[in-house]
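*Asks:*
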Amino acid sequence: GNLDGTATSWLEANWMFFSWAFALFGFGALAARFHSHGPHWFGWLAVAMYCLHQSEEHAYDVRGWRYAFVPAMNQGFGSTLFGAACNGGDVNCPLDPKLTLWVNTVAIWGGFGGCMIAATIDADRFLFASTLNR
Numbered sequence: 003g004n005l006d007g008t009a010t011s012w013l014e015a016n017w018m019f020f021s022w023a024f025a026l027f028g029f030g031a032l033a034a035r036f037h038s039h040g041p042h043w044f045g046w047l048a049v050a051m052y053c054l055h056q057s058e059e060h061a062y063d064v065r066g067w068r069y070a071f072v073p074a075m076n077q078g079f080g081s082t083l084f085g086a087a088c089n090g091g092d093v094n095c096p097l098d099p100k101l102t103l104w105v106n107t108v109a110i111w112g113g114f115g116g117c118m119i120a121a122t123i124d125a126d127r128f129l130f131a132s133t134l135n136r
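Here the sequence shown is numbered in our numbering, starting from 3 and rising by one per residue.
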């Protein structure tokens, strides 16, 4: 469940498999365009790699445990940072599946993907940082 008392929705429990699909699609598209890789290609590579990272971090861990990131974060690093706010080590505090969904879809998919879409549409304005890395 979530900290607000709601049950974990299907999307909150399975969003990371969409990320895996985005990674596979991205790697396929990048492989098809490998002959002409430039700053955009490397930017999209970062998006695909992060989507792959999301799926390995949130779907199954190396032990085969399903969605182990939230409890591991909350009982480890999260309890050190937010212990006073979490009333005795609640397994869903400070992160719960709903917050994890929003952070990873809005911030990462929207942020990384949005930046690369903007860079693809207007490279002169939005690709400056990548251009400096040549």
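Yeah, the Cβ is synthetic: ideal placement off N, Cα and C, and Gly gets one too.
1) In terms of residues, what are the limits of the alpha helix (DSSP H) holding Thr-8?
2) List the endpoints of the continuous alpha helix (DSSP H) containing Cys-117.
3) So, Trp-46 versus Leu-26, is the Cβ gap smaller than 8 Å?
4) With distance defined between alpha-carbon atoms, name the residue in Tyr-62, Gly-115, Gly-40 and Ile-119 nearest to Ser-50.
5) Once you ignore the five residues that flank Tyr-52 on each side, which residues in its own chain have a CB closer than 8 Å to its CB?
6) Please name the residue in Phe-24, Thr-8, Phe-79 and Leu-83 whose C-alpha comes closest to that of His-55.
7) Would you report the Cα separation of Ala-125 and Ser-21, rounded to the nearest angstrom?
8) Determine the extent of the alpha helix (DSSP H) in which Cys-53 is found, giving its start and end residues.
9) Compare the beta carbon distance of Cys-117 and Leu-5 with 8 Å and say whether it is the shorter of the two.
*Replies:* According to the structure data:
1) Position 6 of the sequence shown, counted from the start, is the residue given in the question as residue 8. Premise fails: Thr-8 is in no alpha helix (DSSP H) and is neither H nor E.
2) On the sequence shown, position 115 is the one that residue 117 refers to. Where Cys-117 is concerned, the enclosing alpha helix (DSSP H) stretches over 116-123.
3) Within the sequence shown, numbered from 1, the residue matching residue 46 stands at position 44. Within the sequence shown, numbered from 1, the residue matching residue 26 stands at position 24. Cβ atoms of Trp-46 and Leu-26: not closer than 8 Å.
4) Counted from its first residue, the sequence shown places residue 50 at position 48. The question names Ser, but residue 50 is Ala in the sequence shown. The option with the nearest alpha carbon to Ala-50 is Gly-115.
5) The residue labelled residue 52 in the question sits at position 50 within the sequence shown. The answer, listed in chain order, is Ile-110 and Phe-114.
6) On the sequence shown, position 53 is the one that residue 55 refers to. Considering only alpha carbons, the answer is Phe-24.
7) As a first step, residue 125 must be located in the sequence shown, where it is residue number 123. As a first step, residue 21 must be located in the sequence shown, where it is residue number 19. Straight-line Cα distance between these residues: approximately 25 Å.
8) On the sequence shown, position 51 is the one that residue 53 refers to. Its alpha helix (DSSP H) spans residues 41-60.
9) The sequence position of residue 117 within the sequence shown is 115, counting from 1. The sequence position of residue 5 within the sequence shown is 3, counting from 1. It is not a contact, given that the beta carbons lie outside the stated cut-off.
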